[in-house]
Every structure is written in C-alpha cells, then in structure tokens.
Amino acid sequence: MLGIIGGSGLTQLANLDVAHREVMRTAWGEPSGPLVFGKLAGQETVFVPRHGYGHTIPPHLVNYRANIDALRRAGATWIVSVASVGGIRADLGPGALVVPDQIIDYTWGRESSYQDASPSQVVHIDFTKPYDQAVRQAILMAANRCEEPLSDGGVYAATQGPRLETAAEINRLERDGASIVGMTGMPEAALAREAGLPYAALCVVANWAAGRHDSAKAIKFDQIEAALQLAMGRVRRVIEHLELP
Ligand code: HPA
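Numbering (the numbering used here), first residue to last: 772 to 1016.
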C-alpha cells in the first residue's frame, strides 16, 4: 500500500476516495493526525498530513517517529513524502517540482532514531543514498505519464526552522552543495530507512531561498501561498499517476 505524507499546502488529498479514518497511537506517541485510508486512482493509499489537518504543528515539533511508525503499522509498504522547499539552485524557482537524491541534515534536537536510550544492540543504517531509488523512479515515471516537468536530482538541505534562513545561511548551504532547502526532510527520511520503508520525496519549490532573486530583501509569505496553491494541483496529478515500484 502507498503511504503519503502531505506537507504545507497538501493537508488533504482531494482525489482520495476516502474509505475510513483511524486514530492511531504508537510507542512513539501520536502521529500528526488520524490516518486517512482510501483509494487514489484505484490504488490503496494511506495519508497523513505532516503538520496536522489544521496546519498546527511546526516542523521542529512534528512527531516524525510516530508518523512513520503509524504508516508502517497501517500497512504502507512505500512512502512518498510531499514537502515544500525554498529554491537555491538557479534553475529551481517557485513552482518547480524536484525529486532530490541527496540530503544534508542541519537540524538539531529532534528525536531522530527508533533506537532508544538503552538498545539491546546498536544498529547502524546505511544512508549513502538517503532516498529509495525505486520510489524515486516511480515518482519520475508518474510525472512523465502526466507530462509534468520535474527535476531529477538535487541536494535537500534540512534546516531546523521554524524561522526561515538568513541570506548568509543560504550562501553557506549553496557552498555546501545544496539545491533546495526545507525544514522537514530530516529525520523523516532516516526514520523511514530505519523502519525498512522505501521512501522518497517530491518537493515543491514555494519561494526563492532567502537573499535570492525576488527574496533578495525578504521572503513574501503571500507569494509562498500562491505558489503552493498553484503547484499542489500538479503534485496531485503526479501522485495520481504513481504506480507501485
Ligand atoms: N526555507 C526553508 N524551508 C522552506 C522554505 C525556505 O525558504 N520554503 C518552504 N519551506
């Protein structure tokens, strides 16, 4: 079953034929909201909105462990995470869709592992390629099927938030090799790997990152809203065309 984590601008899936909702509790606490089960273009799907249905949970307070664990226990066998980001790379302006292939983690103080304080055995995960290649390909092929242009590859910089970055921080991220910047990509991706769930992200560029182009002086929040509104229709189309990898 396909699991979808919705980000800003995607708190529900309009085209999801809802069968039922389920409040789930996990050993890690409660996920961001009740899970929604249904069919999306004929495919069994389970959905959770990362920031809650009323968009009330900021990025640093999302219970990433509970969200991933709830999806796994609900029967999700692969996960597509939708996330809004700022564009750093010159070709990734507002409205661009990106399937990143790498991550740099700048977050701190988040519960970022299922290994608690006293595991019986310390287990390390391989994270050389943080996103599952088959799920990435499934997203790219879905975009191809519905003829949505999409950028294949890029480095996702995960920042702590909830504030946006300074212009100097964005310059530093660019020097580090980052293409896009967002606040929720980690620890989500690492937890999915720990949980053994193939996971990839479909990112929507909502704004130029701080200091760039029309964000040179400030980031305008009404523009973010407008860009997300426009782009989420396209994201929904891509998601509808997903086929099991
Ligand atoms: N920075 C971090 N996260 C974001 C941004 C940004 O510019 N835009 C949307 N999410």
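Backbone N, C-alpha and C fix where the C-beta goes; we use that ideal spot for every residue, glycine too.
It should be emphasised that the depicted structure is a prediction, and the values quoted were computed from it without experimental measurement.
### Query
By how many angstroms is the C-alpha of R943 removed from the C-alpha of G778?
Across the structure, G778 and R943 are spaced so that their CA atoms are roughly 25 Å apart.
### Message
Between which two residues does the alpha helix (DSSP H) holding R916 run?
### Response
Where R916 is concerned, the enclosing alpha helix (DSSP H) stretches over Q904 to R916.
### Task
Return yes when at least one heavy atom of the ligand FAD lies under 6 Å from the C-beta of S891, else no.
Of the ligands this structure carries, namely the ligand HPA, none is the ligand FAD.
### Query
For the alpha helix (DSSP H) that contains D840, what are its first and last residues?
Y835 to A845
### Three-state class that DSSP yields for I951 in the structure shown
strand
### Query
Would you call the segment 969-987 and the segment 861-870 touching, i.e. three or more CB-CB distances under 8 Å?
yes
### Query
Does the segment 931-943 touch the segment 1000-1012, meaning 3 or more C-beta pairs lie closer than 8 Å?
no
### Same chain, Cβ closer than 6 Å to Y835, five either side skipped, listed in chain order
Residues of the same chain with a CB within less than 6 Å of the CB of Y835, apart from the 5 flanking positions on each side, are P958, E959 and L962 in chain order.
### Message
Under 6 Å: does the beta carbon of A939 sit that close to some heavy atom of the ligand HPA?
### Response
For the ligand HPA, not one heavy atom lies less than 6 Å from the Cβ of A939.
### Query
What residue from L781, L911 and I828 has the CA that sits closest to L1001's CA?
L781
### Query
Helix, strand or coil: how does DSSP classify V781 here?
A quick correction: the sequence has Leu, not Val, at residue 781. In this structure, L781 counts as coil in the three-state DSSP scheme.
### Query
Thinking just about the alpha-carbon of each residue, which of Q908, A847, L784 and Y885 is nearest to the one in D872?
Q908
### Task
Compare the beta carbon distance of L1013 and A913 with 7 Å and say whether it is the shorter of the two.
For the pair L1013 and A913, the CB atoms are nearer than the 7 Å cut-off.
### Task
Measure how close the beta-carbons of V906 and V851 come, nearest whole angstrom, since I'm counting them as under 8 Å.
7 Å
### Query
Given I839, which residues of its chain have a CB within under 6 Å of its CB, disregarding the five upstream and five downstream residues?
Spatial neighbours of I839 in its own chain (CB-CB distance under 6 Å, excluding positions within 5 residues in sequence) are listed in chain order as L962, A963 and A966.
### Span of the alpha helix (DSSP H) around V1006
Annotation for V1006: the continuous alpha helix (DSSP H) segment containing it runs F992 to E1011.
### Message
Less than 7 Å between the beta carbons of L868 and L921, yes or no?
### Response
Yes, the pair counts as a contact, with Cβ atoms nearer than the cut-off.
### Message
Suppose only complete runs of 3+ residues qualify. What are the beta strand (DSSP E) ranges in the segment 928-977, listed by chain order?
### Response
951-953
### Query
Name the DSSP beta bridge partners of R792, please?
V807
### Task
Look at the Cβ atom of G880, then the Cβ atom of A837, and state whether they are nearer than 7 Å.
In this structure, G880 lies away from A837, with their beta-carbon atoms at least 7 Å apart.
### Query
Which word fits P829, buried or exposed, when buried means at least 16 other C-beta atoms lie within 10 angstroms of its C-beta?
exposed
### Query
Y902: which of A790, V817 and G925 sits nearest, CA to CA?
G925
### Query
Considering only residues of the same chain and omitting the five flanking positions on each side of H984, which have a CB-CB separation below 8 Å?
G864, listed in sequence order.
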